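Since the structure comes first, as C-alpha cells, the remarks are kept for the end.
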Amino acid sequence: MGEPVFPEILPAGCHFSSSAATSLSMEAPPKRFWIDGSMARRGGGFTYLVNVIPELSRLAPDAKFLIAAGDEQVADSIPRSDNVEVRFLGQLGLRDRLRFTYRQAARQAAEWGADVYFSAGEMAPLNASCPTLAAFRNPNVFTLGKGQGLPLKQQVRLRALNRLARLSARRCDRILFVSEDSARWIGDSIGLPENKRRVVHHGINVPRWSDQVKPVRERAFILSVSSIYPYKNYVRLIRAYAELARRLPDVPELVIVGDNQDPAYASKMEKARAETGDLAEMIHILGEVPYRDVKAFYQEASLFVFPSHLETFGHPLLEAMASEVPLVAADIPVFREIAGDAAIYGDPFDERSMATAMEDVLTSISAPTAMVKRGRHRVAQFSWERSARSLLTLFAEVAVKSPSPAVSPRAIGFPTTLNPGPSVGSRMRVRAGRTH
4 MGEPVFPEIL PAGCHFSSSA ATSLSMEAPP KRFWIDGSMA RRGGGFTYLV NVIPELSRLA
64 PDAKFLIAAG DEQVADSIPR SDNVEVRFLG QLGLRDRLRF TYRQAARQAA EWGADVYFSA
124 GEMAPLNASC PTLAAFRNPN VFTLGKGQGL PLKQQVRLRA LNRLARLSAR RCDRILFVSE
184 DSARWIGDSI GLPENKRRVV HHGINVPRWS DQVKPVRERA FILSVSSIYP YKNYVRLIRA
244 YAELARRLPD VPELVIVGDN QDPAYASKME KARAETGDLA EMIHILGEVP YRDVKAFYQE
304 ASLFVFPSHL ETFGHPLLEA MASEVPLVAA DIPVFREIAG DAAIYGDPFD ERSMATAMED
364 VLTSISAPTA MVKRGRHRVA QFSWERSARS LLTLFAEVAV KSPSPAVSPR AIGFPTTLNP
424 GPSVGSRMRV RAGRTH
C-alpha cells in the first residue's frame, strides 16, 4: 500500500517553520490519530469531517484513524476504510458532548494508544497524555454573538464556550485555523502566540460538484446555501431581493437552503418574507437538504449569493465555483481571501449594495461567463487532498514534541457544573472497517 505520506512542504499560506520541517524528517511519523468529531453536527464541521477523513486515510494507509462522533448523521456519513474506525457516542446534546470531551476523551484516547489527539472543534481535553491540537472554526464562540440580538441563554452559553476554547488554546500544542483572516482576528482576540497558529484551508472535490445530476426545480432561481444563524444575514438578503425585484421585472426566484440552527432567527426570516407581499411566493426557504442532493441546486442556479457578515472560511463559495455558478458575496476579508476576483462583492450591511451586486450579474451578457472562468481557476487552488497533506504534516509536527502541560479541569469548575449522568461510553457503538 506504500509508505505514509507526511510532506515537509505545505501549500502557500500555512505557517510552518523550516525548523519544524527539518525536525519532521528526522523522526518516525506518528501512526495513531484520535480525531474528536463530537462537536460536529451540521454545516462546516460536517463537511470538513466527511471530506478530509477519506483523504487522510488514503494518504497515510499505514496509519490508524479513530473518529469519535456525537451525531448519527456525521457517524453514518464518514466513508469507511480499513484504517478508519468510527465510534458513535450516541446522539449527544451540548452538555453530553462537553462531558465526553472533558471527562472521558483523554482516557479513551490513551487506552487506544493515540499518538496525536485532534479536536475538529474548539474544545479539547485539558489532560491528554499525547500532543493535542484543535480546529477553531466557529466564529460565534469568539465574537460571543455580539450585534446579533441573541437571547440571553445563547449569550451565556457562548461565554462558557469561549472560556473553554481559551483553555483549549492554552493546553493545545497547535491551533488550526481554516483561513488567514480567522487566524489573525481569533488568534489576536484570545492572545494566542503566533507560533501556535497554523492555517490549513478547506478543500473541495471539483469533479463531484461538476458532475451533472437530475434537475430539482423547473424555474430559474438565485441560490443561497448555509445553516441558519443570525450572522448568515438572510433577513437582509430577503430585503435585498425585494429591492432587486423592484428593479428587474423578470427577477428569478430566491431559494435558501440550510438547516435551522436558530428558530428565532428563522422566524425573523419568515417575517421578512411575508413583508415582501406578493413577492413572498417567489422566496423559498427550504430548510435542510441532504448533503448529497445540494449540488443539484448549485448546478441549476442562475446566481449564488453568500450574504454572511461573519465567517472563518465559507465553504459554499468553493461549492459554487466548482459548480460553475456566478458568485455574489459579502465584502468581508475572508471571502476575498477565498474567492478572490471570482466574485462580485456587496456590503453585507447595505441591502441596496447587495441588490446592485446581484443586478450587475443578472443584467450582464458577459459577466457570468467571465466569472465562471475566474471561479474555475480559483477553485483549482483548493482540494481536500491538499488539506489532508497539510493536516498530516501538522500531526507530525506536534508529535515530535512533548505535549503541553495539562490544565486542571477545576480551573473551569467543570466537574461540579455538569451532572454526571450516564457515561457517554455506555451509549457508544463502534463502526469500523467497511461495515456500517
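In the numbering used here, the protein residues as written are 4 to 439.
All C-beta atoms, glycine included, are put in the ideal place defined by N, C-alpha and C.
Remember, predicted model here, so these are calculated numbers, not experimental data.
Through-space distance from residue j to residue i, alpha-carbon basis
{"i": "Lys274", "j": "Gln158", "result": "23 angstroms"}
{"i": "Lys2", "j": "Gly280", "result": "Any answer about residue 2 is impossible in this case: the structure gives the chain only from 4 up to 439."}
{"i": "Gly464", "j": "Leu147", "result": "For the chain, the structure presents residues 4 to 439; residue 464 sits outside this window and is missing."}
{"i": "Leu129", "j": "Arg166", "result": "13 angstroms"}
{"i": "Ile368", "j": "Leu59", "result": "43 angstroms"}
{"i": "Val55", "j": "Val87", "result": "12 angstroms"}
{"i": "Gly349", "j": "Leu289", "result": "24 angstroms"}
{"i": "Pro336", "j": "Glu114", "result": "43 angstroms"}
{"i": "Val77", "j": "Arg250", "result": "43 angstroms"}
{"i": "Pro134", "j": "Arg187", "result": "23 angstroms"}
{"i": "Val209", "j": "Leu306", "result": "18 angstroms"}
{"i": "Gly343", "j": "Glu354", "result": "22 angstroms"}
{"i": "Met374", "j": "Asp363", "result": "12 angstroms"}
{"i": "Ala283", "j": "Leu240", "result": "13 angstroms"}
{"i": "Lys67", "j": "Glu256", "result": "47 angstroms"}
{"i": "Asp253", "j": "Phe309", "result": "21 angstroms"}
{"i": "Pro371", "j": "Pro64", "result": "42 angstroms"}
{"i": "Lys43", "j": "Phe49", "result": "It is worth fixing the name first, because residue 43 is Ala in this sequence and not Lys. The straight-line gap from Cα to Cα measures roughly 6 angstroms."}
{"i": "Arg83", "j": "Met357", "result": "42 angstroms"}
{"i": "Ile193", "j": "Ala277", "result": "41 angstroms"}
{"i": "Leu62", "j": "Leu395", "result": "9 angstroms"}
{"i": "Lys235", "j": "Pro142", "result": "11 angstroms"}
{"i": "Leu365", "j": "Pro154", "result": "38 angstroms"}
{"i": "Trp387", "j": "Arg110", "result": "30 angstroms"}
{"i": "Phe385", "j": "Ser393", "result": "12 angstroms"}
{"i": "Arg339", "j": "Val202", "result": "16 angstroms"}
{"i": "Leu421", "j": "Gly378", "result": "Note on Leu421: pLDDT 36, under 50, position unreliable in the model; the coordinate value appears next. So the alpha carbons of these two residues sit roughly 48 angstroms apart."}
Residue i (DSSP reduced to helix, strand or coil)
{"i": "Val375", "result": "helix"}
{"i": "Lys67", "result": "strand"}
{"i": "Pro418", "result": "Low per-residue confidence applies at Pro418: pLDDT is 37, beneath 50, and the placement is therefore not dependable, though the value from the model is reported in the following sentence. In this structure, Pro418 counts as helix in the three-state DSSP scheme."}
{"i": "Glu88", "result": "strand"}
{"i": "Leu27", "result": "Low confidence applies to Leu27: its pLDDT is 40, below 50, so where it sits in the model is not reliable, and the reading given next is rough at best. In this structure, Leu27 counts as helix in the three-state DSSP scheme."}
{"i": "Phe398", "result": "helix"}
{"i": "Gly290", "result": "strand"}
{"i": "Asn143", "result": "helix"}
{"i": "Tyr348", "result": "strand"}
{"i": "Ser230", "result": "coil"}
{"i": "Val313", "result": "One point to set straight first is that residue 313 is Leu, not Val, in the sequence displayed. Of the three classes helix, strand and coil, the one that applies to Leu313 here is coil, per DSSP."}
{"i": "Phe385", "result": "coil"}
{"i": "Arg177", "result": "strand"}
{"i": "Leu129", "result": "coil"}
{"i": "Leu195", "result": "coil"}
{"i": "Ile189", "result": "helix"}
{"i": "Val403", "result": "coil"}
{"i": "Val328", "result": "coil"}
{"i": "Arg333", "result": "The residue you asked about is not Arg; residue 333 is Ala in the sequence shown. Strand, per DSSP."}
{"i": "Val308", "result": "strand"}
{"i": "Ala283", "result": "helix"}
{"i": "Ala72", "result": "strand"}
Where the alpha helix (DSSP H) containing residue i begins and where it ends
{"i": "Tyr301", "result": "297-303"}
{"i": "Arg174", "result": "155-174"}
{"i": "Tyr120", "result": "Element bounds for Tyr120: not the alpha helix (DSSP H) but the beta strand (DSSP E), 119-122."}
{"i": "Phe338", "result": "336-342"}
{"i": "Leu247", "result": "237-250"}
{"i": "Ser356", "result": "354-365"}
{"i": "Ser75", "result": "Reading off the sequence, residue 75 comes out as Glu, not Ser. Here the alpha helix (DSSP H) through Glu75 covers 75-80."}
{"i": "Lys274", "result": "266-277"}
{"i": "Gln111", "result": "108-115"}
{"i": "Arg100", "result": "97-102"}
{"i": "Ser213", "result": "209-213"}
Opening and closing residue of the beta strand (DSSP E) in which residue i lies
{"i": "Thr135", "result": "135-138"}
{"i": "Phe36", "result": "35-40"}
{"i": "Arg200", "result": "200-202"}
{"i": "Leu321", "result": "Counting along the chain, Leu321 falls outside any beta strand (DSSP E), though it belongs to the alpha helix (DSSP H) covering 318-325."}
{"i": "Glu58", "result": "Taken as a continuous stretch (DSSP letters only), Glu58 belongs to no beta strand (DSSP E), being part of the alpha helix (DSSP H) at 46-62."}
{"i": "Leu257", "result": "256-260"}
Nonlocal neighbours in the same chain, by C-beta distance under 8 angstroms from residue i, ignoring five residues either side
{"i": "Phe103", "result": "Ser41, Ala71, Gly73, Leu92, Leu95, Val427"}
{"i": "Phe139", "result": "Glu125, Phe145, Ala168, Ala172, Ile178, Leu179, Phe180, Ser185, Ile189, Thr315"}
{"i": "Val297", "result": "Val228, Val260, Glu322"}
{"i": "Val401", "result": "Val119, Pro134, Thr135, Leu136, Asp176, Arg177"}
Close-in-space but distant-in-sequence residues of the same chain around residue i (CB under 6 angstroms, 5 per side omitted)
{"i": "Val258", "result": "Phe224, Leu226, His287"}
{"i": "Ser132", "result": "Ala113"}
{"i": "Tyr120", "result": "Trp37, Ala112, Ala131, Cys133, Thr135"}
{"i": "Ile341", "result": "Gly317, Leu320"}
Neighbourhood of residue i by C-beta distance below 7 angstroms, restricted to the same chain and skipping five residues each side
{"i": "Val382", "result": "Ile207, Val209, Leu321, Met324, Ala325"}
{"i": "Ser230", "result": "Arg45, Gly46, Gly261, Asp262, Gln264"}
Touching by the beta-carbon criterion (3+ pairs, under 8 angstroms), the region 264-272 and the region 295-302
no
Is the region 318-329 touching the region 242-258, taking contact as three or more C-beta pairs under 8 angstroms?
no
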